[in-house]
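Heads up: the protein sequence lines correspond to chains A and B, in order. So the first sequence is residues 5 to 482, counted in this note's numbering. So the second sequence is residues 26 to 490, counted in this note's numbering. For glycine and all other residues, C-beta sits at the position ideal for the given N, C-alpha and C. Since the structure comes first, as structure tokens, the remarks are kept for the end.
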Amino acid sequence: MSQFDVAEAAVQAALDAGARYADARVGHRRYESMTVRNGDVEALQQEESAGIGVRALVGSSWGFFALPDLSPRAARSAGTRATEIAQASAMVPGPASELVPINPVVASWASECEEDPLSVPLAEKGDLLTTATRLMLDHGADQAEGLYQIWDTTTWFVSSEGHRIDQRIRECGAGISATAVGEHESQRRSYPSYGGQYGTRGWELVRRLDLLSHAAELAEQARALLTAPLCPEGETTLILGGEQLALQIHESVGHAIELDRILGWEAAFAGTSWLDLSQLGQLQYGSELMNITIDPTIPGALGSFGFDDEGTPAMRRYAVRDGRWVGVLAGRDSAAVAGLDYAGSVRADGWARLPMVRMTNVGLEPGPHTLEEIIAATDDGILMDVNRSWSIDDRRLNFQFGCEIGWEIKNGRRGRMLRNPTYTGIGPVFWRSMDMLSSEIVPWGIPNCGKGQPLQIGHTGHPAAPARFRNVRVGVRA
Amino acid sequence: MTAELRLADQVLDLVRRTGLAAEAEVLVDWQAQGLTRFANSFIHQHVAEETTTVQLVLHADGRTATATTTRTDSDGLRQLVERTVASVRVAPPDPGWPGLTPPANAHGQAGFDPATAAATGQERAARVRGFVDAAGLPAAGYCETRTFRSAYANTAGQSATDETTSATLDGIARRDGVDGTARLVSTRLADVDGAWLGAQAAAKAHAGVDPVELPPGRYEVVLEPTAVADLLTNFALWGFSGLLYAQGRSFAELGAAQFDPVVTLVDDPFAEGSPGMAFDAEGTPKQRLVLVEEGVTRAVAHDRRTAAMVGGQARSTGHALPGGHAGGLGAIPRHLGLLPSGQSVPASSAAGEVGVAHPTAADLVRSVERGLLVTDLWYTRVLDPKSMVVTGLTRNGVWLIEHGTITSPVMNLRFTQSYPQALAPGAVKGVGDAVTVLPTRLGRGAIRAPALHLAAWNFTGGASG
Numbered sequence: 005m006s007q008f009d010v011a012e013a014a015v016q017a018a019l020d021a022g023a024r025y026a027d028a029r030v031g032h033r034r035y036e037s038m039t040v041r042n043g044d045v046e047a048l049q050q051e052e053s054a055g056i057g058v059r060a061l062v063g064s065s066w067g068f069f070a071l072p073d074l075s076p077r078a079a080r081s082a083g084t085r086a087t088e089i090a091q092a093s094a095m096v097p098g099p100a101s102e103l104v105p106i107n108p109v110v111a112s113w114a115s116e117c118e119e120d121p122l123s124v125p126l127a128e129k130g131d132l133l134t135t136a137t138r139l140m141l142d143h144g145a146d147q148a149e150g151l152y153q154i155w156d157t158t159t160w161f162v163s164s165e166g167h168r169i170d171q172r173i174r175e176c177g178a179g180i181s182a183t184a185v186g187e188h189e190s191q192r193r194s195y196p197s198y199g200g201q202y203g204t205r206g207w208e209l210v211r212r213l214d215l216l217s218h219a220a221e222l223a224e225q226a227r228a229l230l231t232a233p234l235c236p237e238g239e240t241t242l243i244l245g246g247e248q249l250a251l252q253i254h255e256s257v258g259h260a261i262e263l264d265r266i267l268g269w270e271a272a273f274a275g276t277s278w279l280d281l282s283q284l285g286q287l288q289y290g291s292e293l294m295n296i297t298i299d300p301t302i303p304g305a306l307g308s309f310g311f312d313d314e315g316t317p318a319m320r321r322y323a324v325r326d327g328r329w330v331g332v333l334a335g336r337d338s339a340a341v342a343g344l345d346y347a348g349s350v351r352a353d354g355w356a357r358l359p360m361v362r363m364t365n366v367g368l369e370p371g372p373h374t375l376e377e378i379i380a381a382t383d384d385g386i387l388m389d390v391n392r393s394w395s396i397d398d399r400r401l402n403f404q405f406g407c408e409i410g411w412e413i414k415n416g417r418r419g420r421m422l423r424n425p426t427y428t429g430i431g432p433v434f435w436r437s438m439d440m441l442s443s444e445i446v447p448w449g450i451p452n453c454g455k456g457q458p459l460q461i462g463h464t465g466h467p468a469a470p471a472r473f474r475n476v477r478v479g480v481r482a
Numbered sequence: 026m027t028a029e030l031r032l033a034d035q036v037l038d039l040v041r042r043t044g045l046a047a048e049a050e051v052l053v054d055w056q057a058q059g060l061t062r063f064a065n066s067f068i069h070q071h072v073a074e075e076t077t078t079v080q081l082v083l084h085a086d087g088r089t090a091t092a093t094t095t096r097t098d099s100d101g102l103r104q105l106v107e108r109t110v111a112s113v114r115v116a117p118p119d120p121g122w123p124g125l126t127p128p129a130n131a132h133g134q135a136g137f138d139p140a141t142a143a144a145t146g147q148e149r150a151a152r153v154r155g156f157v158d159a160a161g162l163p164a165a166g167y168c169e170t171r172t173f174r175s176a177y178a179n180t181a182g183q184s185a186t187d188e189t190t191s192a193t194l195d196g197i198a199r200r201d202g203v204d205g206t207a208r209l210v211s212t213r214l215a216d217v218d219g220a221w222l223g224a225q226a227a228a229k230a231h232a233g234v235d236p237v238e239l240p241p242g243r244y245e246v247v248l249e250p251t252a253v254a255d256l257l258t259n260f261a262l263w264g265f266s267g268l269l270y271a272q273g274r275s276f277a278e279l280g281a282a283q284f285d286p287v288v289t290l291v292d293d294p295f296a297e298g299s300p301g302m303a304f305d306a307e308g309t310p311k312q313r314l315v316l317v318e319e320g321v322t323r324a325v326a327h328d329r330r331t332a333a334m335v336g337g338q339a340r341s342t343g344h345a346l347p348g349g350h351a352g353g354l355g356a357i358p359r360h361l362g363l364l365p366s367g368q369s370v371p372a373s374s375a376a377g378e379v380g381v382a383h384p385t386a387a388d389l390v391r392s393v394e395r396g397l398l399v400t401d402l403w404y405t406r407v408l409d410p411k412s413m414v415v416t417g418l419t420r421n422g423v424w425l426i427e428h429g430t431i432t433s434p435v436m437n438l439r440f441t442q443s444y445p446q447a448l449a450p451g452a453v454k455g456v457g458d459a460v461t462v463l464p465t466r467l468g469r470g471a472i473r474a475p476a477l478h479l480a481a482w483n484f485t486g487g488a489s490g
């Protein structure tokens, strides 16, 4: 019996039990990670997971059930139980709703992969991280960490509407960090970001990062930060590096445009959104330099796929165009409730989790400048880069970020290194103050976006480049 | 013998048959979870799963490899062993291997409730119905039941089994753009009173309407148990992690009076209402661990590896997590509690008079001349683990207290605050007399928190930025 047959048995069982719509995902995932600290392997983890998750719709109520068992009997049981759960949901029913229509698709899709990351010898991968961390120790780090992660996920999706899609996505990435410990605080520097850079690529992504050539400088900077002057307090011109801007997009745009948040479906946990659907198409989100797309078709970006977990084909659309809010991340049910005609952004963290609205690749289109041009055009400001901490309110408005490193900008030149740089603001005010944007776009990958209950870890991509913002409050401290 | 222990022994047997001279340990976790989410006063997501995860750790020739699988058929287990054996032969050297846990008794503490283990979607939906009806306002949240059965076995002769249950209801009621909340976790679904929690959340929402904006600054505060739970969670993650302590990145100094004398922090997986297991992921028996005693830091949480890193008298305290240090945080106390005033720990339940302030915070409010009552601390992130400077926001209700009385709702505020400084000697003006058992984002565990009256909390921004 093929995986498709198993999924079809589950869907049929859900329909037989009374569901008016059902879909099933048979999934298989292999995961591998290695954590290296101070030249020694601290953890080598390999995971294999396989099972089926079934979603059933009864009236306006959903039910979902998952089992790590791919026998036909288990699949039928999962389908029946999903419908029973949907029927229990009807004790507290919602308003009647439909799913936005999509054409049933029979297709197969795989992400690009030049060098299978799980086939690269463990010893080679370990040597890379142990060598990098020893280099950092040699150059002044008190703690040196290296990490890589690899996911190889295949899904077989079947729906009662006729979908039959198989999809294989290989993702990987790596990063290194150096920490210097002082008497009262510690300072950390990371490359290319804390926890690493990730994409839907093979091991070639890690080779191109060239971790070893950055190790020494990271350690030296972490040590130097311990005695660097504090980031000053006050309002100033802020230049953000691309890695930090990617997280800024993730937190203050990506989550804000999730339709389930806008509709209040995440109100009790992740929160809602400051955006009101009545403003869609009119609201000025940011300056005219702000063009943000929802684009799961970017080759190699971490949020890329061929089809989302409802079977909707990947498609590029604008979320913000010339600064105006024009699009949301949606699923078939949330889009129907909102009166929209598109979905395509529903994903699940594996076969055992209910698909929900998630970011795909949400990022900026290139601007007209370069980082060096932005610095040269700034008389007085601060450049901050590489995220260290992030916090934002439950409506995605009031944020505060800390970065690993800052530099004073005076008279168009990069000056002293600054310690503990932080900045804070209100999302739309901040985005409307963006007056310069670089063309140096990188599709940053974030592999640890938490949302939903049970908590699901999402993989998202964020094309971003350095940019400049005016009148930003910096230097917040205890 | 449980099914999980049979699986563990089966895997150990497969390892032996490979002929590899290895130390081996197997952890088998079976989990059944049902979770009923509601929003806009209806159930919008309702899920259940049953999953078995088998983790195998092998150490041979100075190298270590860890692998897991959810495939428990003979092919799945055989491939797990083959994959782990292949990995350990080529893995980089692991000089920090601390060895296996020797045989030791690990006794369960009756945190298992058969009725909760058998709970259906209808029973969770009934709690949701109770919450929604009692709130009488748009409501959102979840009701969850979980059952865990675990088994551990290793080639040094240690083996253990245990099971536990948990039931949680966590919800908000919403009115005119403000939210009120109530939540509770227990080992028994029968303890979860959806109607009381719904009424409490609604009382807060009604009292939060038309909030005023206050300027940032240092305010005296009464933190409700839900807010104290965030303090304790961050201390668990960043303060009492044996890994961060071993690396010199924790604030903790053993033997130093780092807290106010009224502060005693205990990690207790067997406290009433707390879902806890008898052993950790390395098979080490769990026990009640005093981390701070009357203001003096006494211990941090260790697994075998962090204890070996620290050396000397350090021993595993039974806090190893599945996956070891792969998450980067190491051993974490996931059942952390702040002892209430009087040093007794009353049983927690959703009980008491419904009001703006949680019943356990009301007495503390009366002793405040001017300050703020804070329900929740939200999206808290550590700027620096060593100083434990944390930024975050208030959520689900803030009120101004004047002359011992709640006088006005207040808009949410952002804070940037060192948590150890907030609890430093002289900084704690009062501890509530009862604890509430609360869910934690640390996974399988619970936080026991009373309300807390602090001399100062550093609010660094208001609703306007």
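- Taken through DSSP and simplified to helix, strand or coil, B:A135 comes out as coil.
- Secondary structure within the segment 117-183 of chain B: the alpha helix (DSSP H) runs of 4 or more consecutive residues, fully enclosed, are 139-142, 146-160 (chain order).
- Residue-level contact by beta carbon holds for A:P97 and chain B, with a gap shorter than 7 Å.
- The beta-carbon of B:E307 is placed no less than 7 Å from the nearest beta-carbon of chain A.
- For A:F68, the chain B residues whose Cβ falls inside 9 Å of its Cβ are Q70, H71, V72, A73, E74, in order along the chain.
- If you check the CB distance, B:A49 and B:L37 come in under 7 Å.
- In the three-state reduction of the DSSP assignment, B:F284 falls in the coil class.
- Inside the segment 43-128 of chain A, DSSP marks whole alpha helix (DSSP H) runs of 4 or more residues at positions 76-93, from first to last along the chain.
- Using a Cβ distance threshold of 7 Å, A:R423 and A:L132 do not count as a contacting pair.
- Residues of chain A with a Cβ closer than 9 Å to the Cβ of B:A150 are, in chain order, A92, S93, A94, M95, V96.
- In the DSSP annotation of this structure, the continuous segment of the alpha helix (DSSP H) that includes B:M334 starts and ends at 329-335.
- Secondary structure of A:K455 (DSSP, three-state): strand.
- A buried status is given to B:L256, since no fewer than 16 other beta-carbon atoms sit within 10 Å of its beta-carbon.
- Interface annotation for the segment 465-482 of chain A against chain B: R477, V480, R481, A482, criterion Cβ-Cβ distance under 8 Å.
- Contacts with chain B at 7 Å (Cβ-Cβ) do not include A:N391.
- Near chain A, meaning a CB-to-CB distance below 8 Å, the residues of the segment 118-136 of chain B are P118, D119, P120, G121.
- Under a criterion of Cβ atoms nearer than 9 Å, the residues of chain A adjacent to B:Q442 are, in order, A482.
- If you compare the alpha carbons of A:E292, A:R138, A:L333 with that of A:D299, the shortest gap goes to A:L333.
- Taking A:L267 as the centre and dropping the five residues before and after it, the same chain places the C-beta of S338, V341, A342 closer than 7 Å to its C-beta, in chain order.
- Straight across, the Cα-Cα distance linking B:Q134 with B:V53 is about 19 Å.
- With respect to chain A, the C-beta atom of B:H350 has a partner C-beta closer than 7 Å.
- Scanning the segment 195-257 of chain A for uninterrupted beta strand (DSSP E) segments of 3 residues or longer gives 201-203, 238-244, listed from N- to C-terminal end.
- Collapsing the DSSP output to three states places B:D54 in a strand.
- Judged by DSSP in its simplified three-state form, A:Y25 adopts strand.
- Per DSSP, B:H231 is one residue of the alpha helix (DSSP H) stretching across 219-232.
- In terms of beta-carbon proximity, B:S412 lines the interface with chain A, with at least one pair separated by less than 7 Å.
- Between the alpha carbons of A:I386 and A:I430 lies a gap of roughly 19 Å.
- In this structure, DSSP gives B:D305 a state outside helix and strand, which the three-state scheme calls coil.
- Here B:A181 has L125, P127 as same chain residues with Cβ atoms under 6 Å from its own Cβ, once five neighbours each way along the sequence are excluded.
- Residue state for B:Q104 is assigned as helix, using DSSP reduced to three classes.
- Counting along the chain, A:P467 sits inside the beta strand (DSSP E) bounded by residues 460-468.
- Put simply, the segment 438-447 of chain B does not touch the segment 459-475 of chain B. Fewer than three CB pairs are less than 8 Å apart.
- With the criterion set as a beta carbon lying under 9 Å from some beta carbon of chain A, the members of the segment 45-58 of chain B are Q58, in sequence order.
- The alpha-carbon separation between B:A64 and B:A164 amounts to approximately 6 Å.
- DSSP links A:Q404 through a beta bridge to A:S395, A:T428.
- Looking at the DSSP output, A:L368 shares a beta bridge with A:I296.
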